[in-house]
Amino acid sequence: MSKKIISLVLLVSLQLASGAFAQIKPNSYAVSSAHELATEAGLSIMAQGGNAYDAAVAVSAALAVVEPASSGIGGGGFWLLQSHDDSLSVMIDGREVAPGAAHRDMYLDEEGNVNRDLAVNGGLAAGIPGAPAGWVYIAENYGTLPLSVLLAPAIDLAANGFPADEKYVTLLGMREEVMNRWPETAAIFMPQGSVPEVGDLIVQTDLANTLRAIVENGHDGFYKGEVAELLVEGTRAVGGIWTMEDLANYTVKERTPITTTYKGYELITAPPPSSGGIAIAQMLNLIEAYDIDQMSAVERTHLLSEAMRRAYRDRALYLGDTDFVDVPIDLLLSKDYAAGMRTNLRLDKATPSSMLADDPDIWPEGNNTTHFSLIDAEGNMVSATLTVNLAYGAAYVPPGTGVLLNNEMDDFSAKPGAPNAFGLVGFEANAIEPYKRMLSSMSPTIVRSPERVAVIGTPGGSRIITMVFLGLLDFIDGHGPDSWVSVPRFHHQYLPDQIFIEPDSMSAEDVAALEALGHTVEEGSRTWGNMHGVMWDLETNQMEAAHDPRWSSGGAEVVPVKR
Ligand code: DON
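Listed below in structure tokens is the structure:
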């Protein structure tokens, strides 16, 4: 290419980045979420003139009602808000915090072992929720419509009911026994006394009233007054330690997203207290020195697994809530650090993870959280991942509130080096402290070039990060969201020192070839994740939306607009 042509190409790209690119407006808007009723809620808000941020509030609140296994008013989440012209780029951190009376050894028994039951079931497992604070904050600061409009679909679904779907029924089956410890909670989710059939109506009257209290009194409708009193009373009645002060003190935080570049694409993703953005950036930095397009499937899986292993080692050692611990973010994100990581990486051999963990009690599924992606007709984008942690959170609702509590406290490291429900280990940086946010893997992400934009994310516990990594590589390979959400998944998380693969996702020869390189390959009995993506092609000005084929309940839709 001549110098003149190169400068012309550069000039055009720069103009795309700063001017013309920012001026393109979509000819449609789109939502992809884990439930078609939540997708409808978001589309209806945009049809009424609401922006992407309004729609995100409506989708979040509707998911809290129709997908209680995965996220909810008693949980938390991260909402990545990005305007097309970059005037807004922020992550709203509505992560739960540890109650004020929490302390680092709170889940240890007399022998110093973690009491797993206390860590995941009932009142002591729950952090102070951040989701309702997030909804109100986004509506008040970035939305255009009142909470009475934004929460209307959720209130309607709670008051009048929705039909249980396959996911509701499957995940409740996993939590039925624990939920039956608290008959008032069980009566809400199993109105006939046992796990409902697909199609049975689930009505949540108390939840509708709590949502109405938020419409009336905003943030204080949940965090102060009658709802807060019932939450504290009900949580303490089953071994919890919440106080009115804990609720009154809760605030969301605005966080600056992690950004990096890879092969001409810009990545905008989740900063701490998520570990996802840093880990994804580290993996991309590490692999960019290799020509992965020229590699065989085995070589590529090996390289990506080695990148995963190294990023998860740093996650265990360094990552935690940056309001409490110093995380060497600049170092971890630097391309030099990645070059250092490459020095002990061999393409012909697996590097064993240096420590061996106890046999971890991994939850094989990874659907008990939710992710939605949306873009409005101005090009504003939201990538949001929300959770109550494990299926149906702590499986307990403080009476009279309809608020299903999270069990997010298990995302802290309850004991140095002891694996949590996802087999993740952690140390000092993620130890429990009052009001600290527990480290998360949730990784709402946006990837863009002057030609194409992807809004992407998924649930899946510790595997979220590697799923988003594989999904965005597929986008960068030139594919659309139908493909990213479908790609077969594999995962390495440093400890245990294994590559996990989805059932039937790899040939016996490829498994044998990876084992010959020194890997242990563990084929799971179930698939994992529930990815939702939206893509905007700036060259054709078309949008595409897709939901994960692994579950049938997702809703992905593109609605054209006339200008
Ligand atoms: O924040 C986290 O990383 C976890 N609480 C997410 C949990 C999750 O994705 C559950 N799905 N398996």
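At position 49 of the sequence shown the residue is numbered 507 (our numbering), and the sequence of numbers has no breaks. Glycine residues also receive a C-beta, built at the ideal position from the N, C-alpha and C atoms. No experiment lies behind these values; they were computed from the predicted model shown.
Problem - Rounded Cβ spacing between Trp700 and Val690 (contact assumed at less than 8 angstroms) - result: Position 242 of the sequence shown, counting from 1, holds the residue named residue 700. Position 232 of the sequence shown, counting from 1, holds the residue named residue 690. Yes, they are in contact, since the Cβ atoms of Trp700 and Val690 sit about 5 angstroms apart, within 8 angstroms.
Exercise for the section: Measuring alpha carbon to alpha carbon, tell me which of Met1001, Asp544, Ala591 and Val517 ends up nearest Gly532. Expected result: Counting from 1 along the sequence shown, the entry for residue 532 is found at position 74. Checked all of Met1001, Asp544, Ala591 and Val517; the closest Cα to Gly532 is Ala591.
Exercise for the section: Answer yes or no: the CB of Met900 versus the heavy atoms of ligand 1, is any distance below 7 angstroms? Expected result: Numbered from 1 along the sequence shown, position 442 holds the residue referred to as residue 900. For ligand 1, at least one heavy atom lies less than 7 angstroms from the Cβ of Met900.
Exercise for the section: With a floor of 4 residues, list each alpha helix (DSSP H) that falls wholly inside the segment 630 to 666, ordered by position along the chain. Expected result: 641 to 647
Problem - Cβ-based neighbour list, Ala706, same chain, cut-off 7 angstroms, excluding 5 preceding and 5 following - result: Residue mapping note: residue 706 aligns to position 248 of the sequence shown, counting from 1. Excluding sequence neighbours, Ala706 sits near Tyr681 and Lys682.
Practice task
Please classify Trp593: does DSSP put it in a helix, a strand, or coil?
Solution key: The count along the sequence shown starts at 1 and reaches residue 593 at position 135. Looking at Trp593 - three-state DSSP - the assignment turns out to be helix.
Exercise for the section: Given a cut-off of 8 angstroms, decide if Pro1007 and Ser965 are closer than it, judged by their beta-carbon atoms. Expected result: Locating residue 965 in the sequence shown gives position 507, where the first residue counts as 1. Locating residue 1007 in the sequence shown gives position 549, where the first residue counts as 1. Cβ distance not < 8 angstroms, so Ser965 and Pro1007 don't count as in contact.
Exercise for the section: Jot down the residue ranges of each uninterrupted beta strand (DSSP E) in the segment 931 to 980, minimum 3 residues, whole runs only, in chain order. Expected result: 957 to 959
Practice task
Quickly, what does DSSP pair Trp986 with across the bridge? List them, please.
Solution key: In the sequence shown, counting from the first residue as 1, residue 986 sits at position 528. In the DSSP output, where bridge partners are listed per residue, Trp986 has none listed.
Exercise for the section: Say whether the segment 546 to 554 touches the segment 581 to 588, bearing in mind that this needs 3 or more beta-carbon pairs closer than 8 angstroms, one atom from each stretch. Expected result: yes
Handout entry: 8 angstroms Cβ shell around Ile463 - same chain, five flanking residues per side excluded
Key = By 1-based counting over the sequence shown, the position of residue 463 is 5. In this prediction, Ile463 scores a pLDDT of 40, lower than 50, which makes its location untrustworthy; the coordinate-derived value is nonetheless stated afterwards. Result list for Ile463: empty, nothing under 8 angstroms.
Problem - Alpha-carbon spacing of Gly936 relative to His493, whole angstroms - result: For the purposes of this step, residue 936 is identified with residue 478 of the sequence shown, where counting begins at 1. For the purposes of this step, residue 493 is identified with residue 35 of the sequence shown, where counting begins at 1. So the alpha carbons of these two residues sit roughly 27 angstroms apart.
Handout entry: Of the residues Ala513, Asp781, Met766 and Ala519, the one placed nearest Pro810, counting alpha carbons only
Key = Counting from 1 along the sequence shown, the entry for residue 810 is found at position 352. When only C-alpha atoms are compared, the closest one is Met766.
Practice task
Would you grab the beta carbon distance between Ile726 and Leu538 for me? Rounded to a whole angstrom, and I think it's under 8 angstroms.
Solution key: Here residue 726 refers to the residue found at position 268 when the sequence shown is read from its first residue. Here residue 538 refers to the residue found at position 80 when the sequence shown is read from its first residue. Indeed they touch by this definition, with Cβ atoms about 7 angstroms apart.
Exercise for the section: Answer with buried or exposed for Val578, where buried requires no fewer than 16 other C-beta atoms within 10 angstroms of its C-beta. Expected result: By 1-based counting over the sequence shown, the position of residue 578 is 120. It counts as buried.
Practice task
For Pro856, write down the residues that DSSP places opposite it in a beta bridge.
Solution key: In the sequence shown, the residue the question calls residue 856 occupies position 398. Answer is none; Pro856 lacks a bridge partner.
Practice task
Report yes if the C-beta distance between Arg633 and Tyr850 is below 8 angstroms; otherwise report no.
Solution key: The residue you call residue 633 lines up with position 175 of the sequence shown. The residue you call residue 850 lines up with position 392 of the sequence shown. Yes, the Cβ-Cβ distance between Arg633 and Tyr850 is below 8 angstroms.
Exercise for the section: Identify whether Ile464 lies in helix, strand or coil by the three-state DSSP scheme. Expected result: What you label residue 464 is simply residue 6 of the sequence shown in a count that begins at 1. Its pLDDT being 37, under 50, Ile464 is placed unreliably by the model, and the measurement read from it follows with that caveat. DSSP places Ile464 in helix when its eight states are reduced to three.
Practice task
Could you say which of Glu836, Pro917, Arg804 and Glu886 lies nearest to Asn826 if we only look at CA atoms?
Solution key: Position 368 of the sequence shown, counted from the first residue, corresponds to residue 826. Here the closest residue by C-alpha is Pro917.
Exercise for the section: Using only the heavy atoms of ligand 1, determine whether one of them is closer than 7 angstroms to the beta carbon of Thr780. Expected result: Residue 780 sits at position 322 when you count from the first residue of the sequence shown. Outside the cutoff, so no.
Exercise for the section: Below 6 angstroms CB to CB, which residues in the same chain sit around Glu909 once its five sequence neighbours on both sides are set aside? Expected result: Position 451 of the sequence shown holds residue 909. Counting only Cβ-Cβ distances below 6 angstroms, and skipping sequence neighbours, we find Leu996 and Glu997.
Handout entry: Continuous beta strand (DSSP E) stretch holding Pro1018: start and end
Key = Counting from 1 along the sequence shown, the entry for residue 1018 is found at position 560. Unbroken beta strand (DSSP E) run through Pro1018: Gly1013 to Pro1018.
Exercise for the section: Consult DSSP for Lys793 and reduce its assignment to one of helix, strand or coil. Expected result: Within the sequence shown, residue 793 is the residue found at index 335, counting from 1. In the structure shown, Lys793 sits in a helix (DSSP, three-state: H, G or I).
Handout entry: Buried versus exposed, by CB contacts within 10 Å (16 or more), Asp563
Key = Along the sequence shown, one-based indexing puts residue 563 at 105. With fewer than 16 other Cβ atoms within 10 Å, it is exposed.
Practice task
Name, in chain order, the residues that DSSP records as bridge partners for Val911.
Solution key: The sequence position of residue 911 within the sequence shown is 453, counting from 1. In DSSP, Val911 forms a bridge with Arg906 and Trp994.
Practice task
Flag this pair as yes or no: are the beta carbons of Ala842 and Ala510 separated by less than 8 angstroms?
Solution key: For this step, residue 842 is matched to residue 384 along the sequence shown. For this step, residue 510 is matched to residue 52 along the sequence shown. No. Outside cutoff.
Practice task
Starting from Gln1000, trace the beta strand (DSSP E) both ways and give me its first and last residue.
Solution key: On the sequence shown, position 542 is the one that residue 1000 refers to. Start and end: Gln1000 to His1005.
Exercise for the section: Can you have a look at Thr924 and say buried or exposed, based on whether 16 or more other CB atoms are within 10 angstroms of its CB? Expected result: Taking the sequence shown and counting its residues from 1, one reaches residue 924 at position 466. Buried, since its Cβ has 16 or more Cβ neighbours within 10 Å.
Exercise for the section: Put Pro611 into one of helix, strand or coil per three-state DSSP. Expected result: Here residue 611 refers to the residue found at position 153 when the sequence shown is read from its first residue. Pro611 falls in the helix class under three-state DSSP.
Problem - Member of Pro946, Pro892 and Met637 whose CA lies at the smallest distance from the CA of His561 - result: Translated into the one-based positions of the sequence shown, residue 561 becomes position 103. Closest by alpha carbon: Pro892.
Practice task
Indicate, with yes or no, if ligand 1 has a heavy atom lying under 7 angstroms from the CB of Thr401.
Solution key: Residue 401 lies beyond the range of the chain shown here (459 to 1021); nothing can be said about it.
Handout entry: Between the CA atoms of Glu886 and Asn802 - distance to the nearest angstrom
Key = Your numbering for residue 802 matches position 344 in the sequence shown. Your numbering for residue 886 matches position 428 in the sequence shown. Those two C-alpha atoms are separated by around 26 angstroms.
Exercise for the section: Report the three-state DSSP secondary structure of Tyr850 (helix, strand or coil). Expected result: Working through the sequence shown from its first residue, we reach residue 850 at position 392. In the structure shown, Tyr850 sits in coil (DSSP, three-state: anything other than H, G, I, E or B).
Practice task
Give a single yes or no on whether Asn826 has its beta carbon closer than 7 angstroms to a heavy atom of ligand 1.
Solution key: In the sequence shown, residue 826 corresponds to position 368, counting from 1. Flag set: Cβ of Asn826 near ligand 1.
Handout entry: Reduced DSSP category for Phe536 - H, G, I as helix; E, B as strand; rest coil
Key = For the purposes of this step, residue 536 is taken as the residue at position 78 of the sequence shown. Three-state result, Phe536: strand.
Exercise for the section: Go through its chain and collect everything with a Cβ distance to Ser733's Cβ below 8 angstroms, but skip five positions before and after it. Expected result: As a working note, residue 733 is residue 275 in the sequence shown. Closer than 8 angstroms at the Cβ level, and outside the excluded window around Ser733, lie Arg773, Leu777, Leu897, Ser898, Ser899 and Ile923.
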